[in-house]
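Take a look at the structure set out below.
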Amino acid sequence: MLIDRNIVSIIKKSLAKEPKIIVLYGPRQAGKTTLLDLLLPEIKQSEIAFFNGDDIRTQEIFSSSNLDTLKKAVGEKKYLIIDEAQRVANIGLNLKLLFDSLKIKIIVSGSASFELANQINEPLTGRSATFFLYPIAVGELKPQLPDLSLNQRLEEFLRFGMYPKVLTLIGEDEKEKYLYDLVNNYLYRDVLSLEKIRKPKKVVDLLSLLALQIGQEVSVAELAANLALSRQVVEKYLDLLEKMFVVVNLRGLSRNLRKEIYKTSKYYFIDLGLRNSLIRNFNPLKMRNDAGVLFENFFVIEKMKALNNSGHSANFYFWRTYDQKEIDLIVEREGRLFAYEAKWAESQLKSPKEWLDSYPNSKFSVVNSKNFLDFLSPN
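If you read the sequence shown in the working numbering, its first letter stands for residue 11, the second for the next number, and so on.
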């Protein structure tokens, strides 16, 4: 099943304009390589120079600052694509050399933003356009599946996540094996490859702790104590996990009330299949007690996907006061605030009075397992 990715049309518009370097970020196995194929279906393969940054030969060629070496690698091709470009040393400077010399269309992808961004941000200033690819969004399945079917598959999404490969596998055993392999072969390997990480096992332990705290405010001091690490090291590891696209960090919103909490964070997993693999729990929802937080994580990430895939920018927060009034997700977009409370079961919950008093022009919605599709449009 080939799933059309919504962001393709946005990237194509950027490619059709003046020559620019397209930078595509996203988690490993989110479908970046497949998306690269979708971007250029009408282009002859003979016009595309494709390289994989995991390949040693690619690293040797594109880490060279010799313009003749770089030109020879590209030849007469009109497009240069480098997948997993963060593996290539000096990639930013050398792409700048190529781009300024040949004015070809260049697309690079990366699964670790801190490695790739550190290399390309300054050299490619004014020459690049950046995009992000999440795992499959529910909205991307709509053309192939009716809303009823999507609702019926919600439990599957909460247990096994939305990685493209997972959605094509039929049996639960196959899905579990794929996700365990993803953790062992990619996540652990990527953590081990990070030069800044002295204790890679501690990063994995940190992930396991976060997996048990989704939807909760995280205490860095408590994490540090549990891991026998300093607060500074834990903060560095959390930052790296965000930049590896494993988790996202929501901060508290505080604009009007002195009693609003804003210094703490909540962490959500980019994909729930990865999260459940870390805690080794793919049990059906009726056999587990975390259905509520799974649904909350699911909705937060799906809302981010919907806005990202339609080209909309937004800020994301949670909201809580010191007297325990709270809202799961606040989306700030185009000068407006949209508040969402995610509940697995249907609920008649109303907006906290403190929220309405402080933000009277905001919109409040209760999202549940029956109506969630109504709230996953970009609007």
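The C-beta atom is built at its ideal place from N, Cα and C for all residues, glycine as well.
{"query": "First and last residue of the alpha helix (DSSP H) that includes Y247?", "result": "241 to 253"}
{"query": "According to the neighbour-count rule (16 or more other Cβ atoms, all chains shown, within 10 Å of its Cβ), is I102 buried or exposed?", "result": "Checking the displayed sequence, the identity of residue 102 turns out to be Gly instead of Ile. So G102 counts as buried."}
{"query": "Between the C-alpha atoms of L250 and V243, what's the straight-line distance to the nearest angstrom?", "result": "11 Å"}
{"query": "Between K211 and S372, what straight-line distance do the alpha-carbon atoms span, to the nearest angstrom?", "result": "43 Å"}
{"query": "Alpha helix (DSSP H) containing A83: first to last residue?", "result": "77 to 84"}
{"query": "Can you check the stretch 12 to 75 for any beta strand (DSSP E) of at least 3 residues that lies completely inside it and give the ranges in chain order?", "result": "31 to 35, 58 to 62"}
{"query": "Hey, K233 and L216: beta-carbon distance below 8 Å or not?", "result": "Position check: residue 233 holds Leu in this sequence, whereas Lys was assumed. The answer is yes: Cβ separation under 8 Å."}
{"query": "Would you say E356 and G225 are within 8 Å of each other, going by their C-beta atoms?", "result": "no"}
{"query": "My guess is that L260 and F326 are in contact by the Cβ rule of under 8 Å, so how many angstroms apart are they, rounded?", "result": "6 Å"}
{"query": "Nearest by alpha-carbon distance to D281: which of M297, F385, I337, V256 is it?", "result": "V256"}
{"query": "Which partner residues does G120 have in the DSSP bridge list?", "result": "Y35"}
{"query": "Hey, how far is the Cα of I17 from the Cα of N318?", "result": "8 Å"}
{"query": "Can you give me the Cβ contacts of F142 inside the same chain, cut-off strictly under 7 Å, excluding the 5 residues immediately before and after it?", "result": "Y35, G36, N318"}
{"query": "So what does DSSP say about W329, is it helix, strand or coil?", "result": "strand"}
{"query": "From which residue to which residue does the beta strand (DSSP E) around A352 run?", "result": "346 to 353"}
{"query": "Are the CB atoms of S119 and L46 nearer to each other than 8 Å?", "result": "yes"}
{"query": "For A40 and Y144, which I take to be in contact (beta-carbon distance under 8 Å), what is that distance rounded to the nearest angstrom?", "result": "6 Å"}
{"query": "At which residues does the beta strand (DSSP E) containing F141 begin and terminate?", "result": "138 to 142"}
{"query": "Between the Cα of L107 and those of P51, R67, S75, Y89, spot the shortest distance and give me the residue it belongs to.", "result": "S75"}
{"query": "Using 7 Å as the cut-off, classify the Cβ of S111 as near or not near the heavy atoms of the ligand NAP, replying yes or no.", "result": "Looking for the ligand NAP in the displayed structure turns up nothing, as the structure carries no ligands at all."}
{"query": "I'd like the list of long-range same chain contacts for S218, defined as Cβ closer than 6 Å, with 5 residues on each side in sequence excluded.", "result": "L288"}
{"query": "Ends of the beta strand (DSSP E) at D93?", "result": "89 to 93"}
{"query": "Please work out which residues of its chain come closer than 8 Å, Cβ to Cβ, to D200, disregarding the five sequence neighbours upstream and downstream, and give them in chain order.", "result": "R38, S121, A122, M254"}
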